[in-house]
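**Student:** Heads up, the sequence shown is in full-length UniProt numbering, so the first residue is 1 and it goes up one at a time.
Cβ atoms here follow ideal geometry from the backbone N, Cα and C, with glycine treated the same way.
These numbers come from a predicted model, not from an experiment.
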Amino acid sequence: MNSQNILQQINAEAKFIENSIGYQKTKIGTIPKDWKVKKLKDISNRVQRKNDGKSHNVLTISSKGGFLNQTERFSKVIAGENLAKYILLRKNEFAYNKGNSKTYPYGCIYRLEDYEEALVPNVYYCFEIREGVTEFYKHYFITGKLNKFLARVINTGVRNDGLLNLNVTDFFDVPVAAPPIKEQQKIASILSTWDKAIELNEKLIEQKKKQKKGLMQKLLTGEVRLPGFEGEWGKFKIKEVCNVVSGGTPSTNDKKNWDGNIPWCTPTDITSSGKFIRNTKQTITEKGLKNSSANLLPKNSILMCSRATIGPRSINRVEMATNQGFKSFVCNEEYLDYEFFYYLLSIYIPIFKKLASGSTFLEVSKKDVENTKIFIPKDVKEQKAIGSIIGNLDKAIELLEEETKELKQQKKGLMQLLLTGKVRVKV
């Protein structure tokens with residue numbers, strides 16, 4: 001089931017609920033009649049356990065990443081002398097970070113899972129579930145079910161320290177759903193299945209990325225040769241094996257230069273694309289191309305950002321032009337395979353960065369790029385074979401990432417259905 005089907009199902013179920021005698025309207029919405037509405041304080045105990053002085057990991061909460069080690073996020077423990085005031089949190093206990101963010105404008109709640117014990121800032125409201133299933137409420141809180149109730153009790157504005165104006169009494173008075181315990185357990189089990197599938201995929205992605213990195217290091221340097229290839233490798237200046245092309249911007253004062261049929265690439269287009277690029281946000285006309293320093297690049301050129309952030313690149317699958325923030329490579333097919341060179345550039349980008357100069361922003365010159373020497377197989381067939389192997393790994397990673405994205409969408413749909421009782425589970 002794809003995400004669109006899930007959304008359709010949610011809507012269908014929602015309509016059914018309004019007319020069903022098995023449901024009740026409450027302050028938290030329409031829920032099953034055998035579910036209860038309780039205050040958070042009725043199902044939890046506040047945790048105010050003080051630092052015991054032992055050596056513990058010091059954590060902070062990120063709205064997107066959950067609990068993060070302060071030394072990993074900030075390269076040091078930022079608590080300083082306040083560490084004595086930190087709260088000692090134990091595994092499966094929750095912490096509410098009342099800092100606002102785009103993801104969680106009314107703060108976020110996460111459960112401690114990866115540590116047996118850890119220290120968290122004393123500005124967090126911490127608690128344990130006394131009456132209910134912690135795994136159920138982990139998912140319940142992540143969906144932002146408390147948002148509209150927190151919005152009502154948060155005083156207008158944000159304090160100087162960036163935290164929301166919310167007192168602890170109002171926080172623990174917010175209403176929550178309290179399904180029967182067995183149903184909580186079943187819902188938690190179902191959602192955990194999706195979590196495990198997502199976690200497995202993410203581990204596979206990391207493994208594939210490590211495999212790709214190792215292969216690139218060995219294959220792109222000639223440290224390991226592919227079977228059937230024993231020919232020489234040689235050093236060549238980039239300009240000897242491909243044409244380096246700069247870009248340009250047509251005059252914005254002449255509307256006839258713009259909105260034509262020629263894709264015009266900017267660094268933003270590259271950062272939002274992957275290995276390949278087919279479309280750009282802006283386009284130019286033949287007139288715009290002719291009356292500027294922009295050049296029309298044949299497909300399968302490599303478009304590399306060459307100023308400010310040097311190195312991001314994509315292979316164009318259609319003819320296109322770029323602005324002046326690029327040094328693009330049109331490979332001579334007799335000497336250089338474009339896919340192989342796309343990957344090989346990862347070795348030489350650090351060199352380009354060292355060669356870059358500029359007062360406003362760093363930029364690597366066309367001359368410096370052209371004169372950089374690269375070490376490549378003289379046999380283009382070997383280049384193609386290397387590029388193909390690494391490319392296949394990229395495809396495998398991309399498929400896993402798409403599958404993971406779909407799993408997350410499916411889980412999101414399930415959470416909407418199960419955590420509201422719109423779909424009941426057999427217990």
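(1) Taking 8 Å as the threshold (C-beta atoms), are Val-133 and Gln-184 in contact?
(2) Taking a contact to mean a Cβ-Cβ separation below 8 Å, would you say residue 432 touches Leu-407 in this structure?
(3) For the segment 315-328 and the segment 271-281, state whether three or more C-beta atom pairs, one from each stretch, are separated by less than 8 Å.
(4) Under 8 Å by Cβ, that's how I've got Ile-349 and Gly-311 pegged, so tell me the actual separation to the nearest angstrom.
(5) DSSP state of Val-168, grouped into three classes?
(6) Within 10 Å of its beta-carbon, does Ser-292 have 16 or more other beta-carbons around it, so buried, or fewer, so exposed?
(7) Enumerated in chain order, which unbroken segments of the beta strand (DSSP E) with a length of 3 residues or greater are wholly contained in the segment 250-313?
(8) Straight-line CA distance for Arg-225 to Leu-219?
(9) Can you name, in chain order, every residue of its own chain whose Cβ lies under 7 Å from the Cβ of Lys-186, other than the five neighbours on each side?
(10) Less than 8 Å between the beta carbons of Leu-119 and Tyr-86, yes or no?
(11) What span of residues does the alpha helix (DSSP H) with Asn-147 cover, start to end?
(12) Looking at Tyr-125 and Tyr-106, is the spacing between their C-beta atoms short of 8 Å?
(13) Based on Cα-Cα distance, which residue from Asn-332, Lys-213, Leu-204 lies nearest to Leu-399?
(14) Leaving out five residues before and five after Lys-411 in sequence, what residues of the same chain have Cβ atoms less than 6 Å from its Cβ?
(15) May I have the straight-line CA-CA distance separating Ser-273 from Trp-264, to the nearest angstrom?
(16) Between Asn-300, Ile-351, Phe-340, Glu-223, which has its C-alpha nearest Ser-328's C-alpha?
(17) Less than 8 Å separating the beta-carbons of Gln-70 and Leu-59?
(18) Contact check, Glu-373 vs Lys-237 under 8 Å by CB: the rounded distance?
(19) Is it the case that the Cβ atoms of Thr-404 and Asn-92 are separated by a distance below 8 Å?
(20) Bridge partners for Pro-32 per DSSP, in chain order?
(21) State yes or no: is the C-beta of Phe-229 within less than 8 Å of the C-beta of Glu-116?
(22) May I ask you to report which of helix, strand or coil DSSP gives Tyr-125?
(23) Between Ile-181, Ala-308, Lys-287, which lies nearest to Ser-357 when the distance is taken from Cα to Cα?
(24) Among residues of its own chain, excluding the 5 on either side of Ala-151, which ones have a beta-carbon nearer than 6 Å to its beta-carbon?
(25) Which residues mark the beginning and the end of the alpha helix (DSSP H) in which Pro-350 is found?
(26) Just grab the DSSP bridge partners of Trp-233 for me.
(27) Tell me, to the nearest whole angstrom, how far the beta carbon of Lys-239 is from that of Asn-371; I am working on the premise that it is less than 8 Å.
(28) Quick check on DSSP: helix, strand or coil for Val-423?
(29) Note the first and the last residue of the continuous alpha helix (DSSP H) segment covering Leu-191.
(30) Below 8 Å between beta carbons: does that hold for Pro-377 and Gly-325?
(31) Hey, how far is the Cα of Gly-99 from the Cα of Ile-109?
(32) Tell me which residues share the same chain as Ser-3 and place their Cβ nearer than 6 Å to its Cβ, disregarding the 5 neighbours each side in the sequence.
(33) Between Lys-213 and Tyr-342, what straight-line distance do the alpha-carbon atoms span, to the nearest angstrom?
(34) Buried or exposed for Gly-387, please, with buried defined as at least 16 other CB atoms from any protein chain shown within 10 angstroms of its CB.
(35) Is the beta carbon of Asn-45 less than 8 Å from the beta carbon of Arg-130?
**Tutor:** Reading it off the structure:
(1) Residue 184 sits at position 184 when you count from the first residue of the sequence shown. Residue 133 sits at position 133 when you count from the first residue of the sequence shown. Yes, they are a contact pair.
(2) In the structure displayed, the chain extends from 1 to 427; residue 432 sits before or after that span and is not available.
(3) yes
(4) Here the question's residue 349 lines up with position 349 in the sequence shown. Here the question's residue 311 lines up with position 311 in the sequence shown. So it is a contact: roughly 4 Å between Cβ atoms.
(5) Stepping through the sequence shown from its first residue, residue 168 is reached at position 168. It is helical.
(6) The sequence position of residue 292 within the sequence shown is 292, counting from 1. Burial of Ser-292 is indicated by the presence of at least 16 other C-beta atoms within 10 angstroms of its C-beta.
(7) 258-265, 282-284, 302-305
(8) On the sequence shown, residue 225 is found 225 positions in, with the first residue counted as 1. On the sequence shown, residue 219 is found 219 positions in, with the first residue counted as 1. Arg-225 and Leu-219: Cα-Cα distance of roughly 7 Å.
(9) Counting from 1 along the sequence shown, the entry for residue 186 is found at position 186. Closer than 7 Å at the Cβ level, and outside the excluded window around Lys-186, lie Val-425, Val-427.
(10) Against the sequence shown, residue 119 aligns to sequence position 119. Against the sequence shown, residue 86 aligns to sequence position 86. A contact, by the Cβ cut-off of 8 Å.
(11) Against the sequence shown, residue 147 aligns to sequence position 147. 147-153 is the span of the alpha helix (DSSP H), which, as asked, contains Asn-147.
(12) To locate residue 106, count along the sequence shown from 1; it is residue 106. To locate residue 125, count along the sequence shown from 1; it is residue 125. Taking 8 Å as the Cβ cut-off, Tyr-106 and Tyr-125 do not qualify as a contacting pair.
(13) As a first step, residue 399 is located in the sequence shown; it is residue number 399 there, counting from the start. Checked all of Asn-332, Lys-213, Leu-204; the closest Cα to Leu-399 is Leu-204.
(14) Start at 1 with the first residue of the sequence shown, and residue 411 comes out as number 411. Hits under 6 Å: Trp-194.
(15) The residue labelled residue 273 in the question sits at position 273 within the sequence shown. The residue labelled residue 264 in the question sits at position 264 within the sequence shown. Cα to Cα, Ser-273 sits roughly 14 Å from Trp-264.
(16) Start at 1 with the first residue of the sequence shown, and residue 328 comes out as number 328. Nearest C-alpha to Ser-328: Asn-300.
(17) On the sequence shown, residue 70 is found 70 positions in, with the first residue counted as 1. On the sequence shown, residue 59 is found 59 positions in, with the first residue counted as 1. Yes, the pair counts as a contact, with Cβ atoms nearer than the cut-off.
(18) Position 373 of the sequence shown, counted from the first residue, corresponds to residue 373. Position 237 of the sequence shown, counted from the first residue, corresponds to residue 237. Residue 373 is actually Lys in this sequence, not Glu. Contact annotation, Lys-373 with Lys-237: C-beta distance approximately 6 Å; criterion of less than 8 Å satisfied.
(19) Stepping through the sequence shown from its first residue, residue 404 is reached at position 404. Stepping through the sequence shown from its first residue, residue 92 is reached at position 92. No, the pair does not count as a contact, with Cβ atoms beyond the cut-off.
(20) Residue 32 sits at position 32 when you count from the first residue of the sequence shown. Answer by DSSP bridge pairing, in chain order: Tyr-23.
(21) By one-based count along the sequence shown, residue 229 stands at place 229. By one-based count along the sequence shown, residue 116 stands at place 116. In this structure, Glu-116 does not lie closer than 8 Å to Phe-229 by Cβ.
(22) As a working mapping, residue 125 is identified with position 125 in the sequence shown. In this structure, DSSP gives Tyr-125 an extended state, which the three-state scheme calls strand.
(23) Here the question's residue 357 lines up with position 357 in the sequence shown. Residue Ala-308 is the option with its Cα nearest to Ser-357.
(24) On the sequence shown, position 151 is the one that residue 151 refers to. Cβ within range, chain order: Tyr-106.
(25) In the sequence shown, counting from the first residue as 1, residue 350 sits at position 350. Taken as a continuous stretch (DSSP letters only), the alpha helix (DSSP H) holding Pro-350 covers 338-355.
(26) To locate residue 233, count along the sequence shown from 1; it is residue 233. Answer is Pro-377, bridged to Trp-233.
(27) Sequence index remark: in the sequence shown, residue 239 carries index 239 (1-based). Sequence index remark: in the sequence shown, residue 371 carries index 371 (1-based). Yes, Lys-239 and Asn-371 are in contact; Cβ-Cβ is about 7 Å, under 8 Å.
(28) In the sequence shown, the residue the question calls residue 423 occupies position 423. Coil, per DSSP.
(29) Translated into the one-based positions of the sequence shown, residue 191 becomes position 191. Start and end: 181-219.
(30) Taking the sequence shown and counting its residues from 1, the one referred to as residue 377 is at position 377. Taking the sequence shown and counting its residues from 1, the one referred to as residue 325 is at position 325. No, the Cβ-Cβ distance between Pro-377 and Gly-325 is not below 8 Å.
(31) Reading the sequence shown from its first residue, position 99 is the one you call residue 99. Reading the sequence shown from its first residue, position 109 is the one you call residue 109. The straight-line gap from Cα to Cα measures roughly 11 Å.
(32) If you number the sequence shown from 1, residue 3 lands on position 3. Only weak support is given to the placement of Ser-3: the predicted model assigns it a pLDDT of 48, under 50, and the value that follows is read from those uncertain coordinates. Gln-409.
(33) What you label residue 213 is simply residue 213 of the sequence shown in a count that begins at 1. What you label residue 342 is simply residue 342 of the sequence shown in a count that begins at 1. C-alpha separation (whole angstroms): 14 Å.
(34) Along the sequence shown, read from residue 1 onward, the residue named residue 387 stands at position 387. Its Cβ being crowded by 16 or more others within 10 Å, Gly-387 is buried.
(35) Numbered from its first residue, the sequence shown carries residue 45 at position 45. Numbered from its first residue, the sequence shown carries residue 130 at position 130. It is a contact, given that the beta carbons lie within the stated cut-off.
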